[in-house]
Amino acid sequence: MKLLMLCREPRLYSCQRLKEAAIQCGHEMDILDPNRCILKLMENSPHFDVYYQPKDGAPYLLPNYDAVLPRFGTASTKMGCAVLRHFQAKGIYCLNKERAFLMARDKWESLQILREQGIAVPNSQLSGVETDPKMVIQKMDFPLIIKTLNGSQGIGVMLAEKPQSAVSILETLKQANVPVLLQDFVEEATGEDIRCFVVGDKVIASMQRIGQEGEFRANFHRGGSAQPVLLTEEEKQLAVRATKALGLVVSGVDLIRSKGGLLVLEVNASPGLEMIEKTSRVDIALQIMLYLEKMVQS
Ligand SMILES: Nc1ncnc2c1ncn2[C@@H]1O[C@H](COP(=O)(O)OP(=O)(O)O)[C@@H](O)[C@H]1O
Ligand SMILES: [Mg+2]
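The following block contains the structure:
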């Protein structure tokens, strides 16, 4: 197959591993930055041409690929999804479709969809821009989590210990036009969560993530570490249900074992491979390639 990975940073561990796996399976893979793509729509033509303008060269028409793997970060969601949709319109298989990818990148919309499907999430609140921060926190418990709607890698997730600090953070973000959601802090998580890597209808790898000393965020990019974890059948099923609820086929589901039961924190559409491959010793890149072969060649 001729594969395309949409990614801004080909040297990242995850991109390297996916490319290695593609080559190992006898496929070719281009890694291109969606922000260097040029999309065309023409009056009456059925073509959805995509051109690519390399760093030091003129744009050229991209060939037909057998499949596209979206791996772009939150800073490129909009253009990345536009490129993804163009390839979908050409009838090319995309490993995570544009709508699902876009939905997963919006933390509030994802929580709404998860709840619509009966999946438990932490108590959360979204307040309109005209609301008063002092009023909207009145019925919330403290400490309180404040999250930007499209952060990642732990950035944009804040913990306000007291109402006064929540108000000052909310006023600042309001002034800067940054929309946020409020969420109950799940205390018993104590900087730990479970990452489930889902491909198709299976959890293929998992790990328990542990935040750095004094850190409530368990993310790898915030200095967190990881250890192997055994998932219950219920946990596996929940991760797959959450993935399907958002319409994704590849995802990283963050779960918390709270005293009231399992909670889904979020579902990532482009989950990192490094920490989870090293912890679980599962060749995730290869599993993704095998799944892709099954989907494209069947
Ligand atoms: N409501 C919460 N209660 C306790 N810990 C939380 C809560 N929300 C997030 N966290 C911690 O912060 C981390 C990052 O939050 P998350 O919503 O997954 O954002 P990101 O997309 O940046 O990873 C989580 O992995 C978890 O460790
Ligand atoms: Mg997360």
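Reading the sequence shown from the start, the letters are residues 8 to 305 in the working numbering.
For glycine and all other residues, C-beta sits at the position ideal for the given N, C-alpha and C.
Suppose contacts are defined by Cβ-Cβ distances below 7 Å. Is A28 in contact with L10 by that definition? Here residue 28 is taken as the residue at index 21 of the sequence shown, counted from 1. Here residue 10 is taken as the residue at index 3 of the sequence shown, counted from 1. At a Cβ-Cβ threshold of 7 Å, A28 and L10 do not count as neighbours.
Using three-state DSSP, classify S265 as helix, strand or coil. The residue you call residue 265 lines up with position 258 of the sequence shown. Residue state for S265 is assigned as strand, using DSSP reduced to three classes.
For R216, which of helix, strand or coil comes out of DSSP? Translated into the one-based positions of the sequence shown, residue 216 becomes position 209. R216 falls in the strand class under three-state DSSP.
For A212 versus V289, is the C-beta spacing smaller than 7 Å? Here residue 212 refers to the residue found at position 205 when the sequence shown is read from its first residue. Here residue 289 refers to the residue found at position 282 when the sequence shown is read from its first residue. Yes. Within cutoff.
Bounding residues of the alpha helix (DSSP H) (the contiguous stretch that carries R106): Numbered from 1 along the sequence shown, position 99 holds the residue referred to as residue 106. E105 to A111 is the span of the alpha helix (DSSP H), which, as asked, contains R106.
Tell me whether D113 counts as near ligand 2, meaning its Cβ is closer than 6 Å to at least one heavy atom of that ligand. Position 106 of the sequence shown holds residue 113. For D113, the Cβ stays outside the 6 Å cut-off from all heavy atoms of ligand 2.
Under 6 Å from any heavy atom of ligand 2, does the C-beta of E273 make it? One-based indexing of the sequence shown puts residue 273 at position 266. Yes, the beta carbon of E273 sits closer than 6 Å to at least one heavy atom of ligand 2.
Tell me, to the nearest whole angstrom, how far the beta carbon of K104 is from that of N157; I am working on the premise that it is less than 8 Å. Stepping through the sequence shown from its first residue, residue 104 is reached at position 97. Stepping through the sequence shown from its first residue, residue 157 is reached at position 150. For a cut-off of 8 Å, the C-beta gap from K104 to N157 is around 18 Å, too long to register as a contact.
Give the secondary structure of A127 by DSSP, where H, G and I count as helix, E and B as strand, and everything else as coil. For the purposes of this step, residue 127 is taken as the residue at position 120 of the sequence shown. It is coil, neither helix nor strand.
Within 6 Å: the Cβ of Y59 and any heavy atom of ligand 3? In terms of ligand content, the structure shown lacks ligand 3 and carries ligand 1 and ligand 2 instead.
Taking Q132 as the reference, which of A252, I201 and L189 has the closest Cα? Taking the sequence shown and counting its residues from 1, the one referred to as residue 132 is at position 125. Nearest to Q132 by alpha-carbon distance, out of A252, I201 and L189, is L189.
H54: buried (16+ other C-beta within 10 angstroms of its C-beta) or exposed? Taking the sequence shown and counting its residues from 1, one reaches residue 54 at position 47. H54 should be labelled exposed.
Distance between beta carbons of P140 and V174, contact taken as under 8 Å: Taking the sequence shown and counting its residues from 1, one reaches residue 174 at position 167. Taking the sequence shown and counting its residues from 1, one reaches residue 140 at position 133. Separation of the CB atoms of V174 and P140 is rounded to 5 Å, and the pair is thereby assigned contact status at 8 Å.
Which residues mark the beginning and the end of the alpha helix (DSSP H) in which K26 is found? Here residue 26 is taken as the residue at index 19 of the sequence shown, counted from 1. First-last of the alpha helix (DSSP H) with K26: Y20 to Q31.
Relative to the C-alpha of T197, which residue among C203, R224 and Q171 is closest? In the sequence shown, counting from the first residue as 1, residue 197 sits at position 190. Selection C203, R224 and Q171 evaluated against T197 yields R224 as nearest (Cα-Cα).
Go ahead and pull the three-state DSSP assignment for R43. Here residue 43 refers to the residue found at position 36 of the sequence shown. Three-state result, R43: helix.
Taking only the alpha-carbon atoms, compute the straight-line gap between S52 and D40 and give it to the nearest angstrom. In the sequence shown, residue 52 corresponds to position 45, counting from 1. In the sequence shown, residue 40 corresponds to position 33, counting from 1. Straight-line Cα distance between these residues: approximately 26 Å.
Only counting the same chain, and skipping five residues up and downstream in sequence, which positions put a Cβ closer than 7 Å to that of V128? Along the sequence shown, one-based indexing puts residue 128 at 121. The residues are L118, L121, R122, L270 and V271.
Looking at the strands, I want to know which residues DSSP matches up with M165. What you label residue 165 is simply residue 158 of the sequence shown in a count that begins at 1. Partner(s): I153.
Endpoints, beta strand (DSSP E) assigned at L188: In the sequence shown, residue 188 corresponds to position 181, counting from 1. L188 -> beta strand (DSSP E) spans V187 to D191.
For P278, count neighbouring Cβ atoms within 10 angstroms of its own Cβ and tell me buried if that reaches 16, exposed if not. Locating residue 278 in the sequence shown gives position 271, where the first residue counts as 1. With a threshold of 16 other beta carbon atoms within 10 Å, P278 meets it and is buried.
Check for me: the alpha helix (DSSP H) holding Y298 runs from which residue to which? For the purposes of this step, residue 298 is taken as residue 291 along the sequence shown, with counting starting at 1. Counting along the chain, the alpha helix (DSSP H) containing Y298 begins and ends at I291 to Q304.
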